[in-house]
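Residue numbers (the UniProt record's numbering): 1 to 153.
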Amino acid sequence: MRLWTYISTRFSHVALDTACFIYVFEDHPSYAGPVQELLQAINAGKIACTSSVLVFLECLVQPYKLENYSAAITCQRFLHLLNINYKAVDERIAVQAACLRATYNVKPMDAIHLATAIASGAKAFVTNDKELKRVANEIAVVILDDYCDEGHQ
Numbered sequence: 001m002r003l004w005t006y007i008s009t010r011f012s013h014v015a016l017d018t019a020c021f022i023y024v025f026e027d028h029p030s031y032a033g034p035v036q037e038l039l040q041a042i043n044a045g046k047i048a049c050t051s052s053v054l055v056f057l058e059c060l061v062q063p064y065k066l067e068n069y070s071a072a073i074t075c076q077r078f079l080h081l082l083n084i085n086y087k088a089v090d091e092r093i094a095v096q097a098a099c100l101r102a103t104y105n106v107k108p109m110d111a112i113h114l115a116t117a118i119a120s121g122a123k124a125f126v127t128n129d130k131e132l133k134r135v136a137n138e139i140a141v142v143i144l145d146d147y148c149d150e151g152h153q
């Protein structure tokens, strides 16, 4: 089953992990196409989407590390063009992230992304980090690998 087909039949609001955006920027052979299809549906208003503002931090590290400032600007413009509600980290999200870290032993950035998703009312978190499946009691976790390998295309 394709990623968009799976998501569109189950969820009205999703949150995206940073990996989703990086796969598109890097034109990943297995993931870029399916994620682009999902982003097109989001832009068309077929599904609501939220991400943490930390997506900007994580996506811009590599262009800045390589001193590729034009790529950094392109990345920022791309993220701003998407019909995504980027949420800042506030006290509520920070407290939720602390609870997720304490309960599920997830990394700090992952905890913030997940807490942002939960606080925004997203029904699923789209990622490729299989370790995050352990938080499935809090929010559905959609693993890209389950829907995006060459065998599913």
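Heads up, the beta-carbon is just placed ideally off N, CA and C, and yes, glycines get one too.
| Query | Result |
| --- | --- |
| Just to confirm, does leucine 3 get its C-beta within under 7 angstroms of one of the non-hydrogen atoms of the ligand FAD? | The ligand FAD is not among the ligands present in this structure, which contains no ligands whatsoever. |
| Below 8 angstroms, can you find three or more Cβ-Cβ pairs linking the segment 43 to 59 to the segment 7 to 24? | yes |
| Tell me which residues share the same chain as tyrosine 147 and place their Cβ nearer than 7 angstroms to its Cβ, disregarding the 5 neighbours each side in the sequence. | Met1, Arg2, Leu3, Tyr6 and Pro34 |
| Look up residue 197 in the DSSP assignment and say whether it is helix, strand or coil. | This structure leaves residue 197 out entirely; the chain is present only between 1 and 153. |
| Should tyrosine 23 go down as buried or exposed, given a rule of 16 or more other Cβ atoms within 10 Å for buried? | buried |
| Taking the CB atoms as reference points, tell me whether alanine 111 and isoleucine 139 lie closer together than 8 angstroms. | no |
| To the nearest angstrom, report how far apart alanine 97 and alanine 119 are at their CA atoms. | 10 angstroms |
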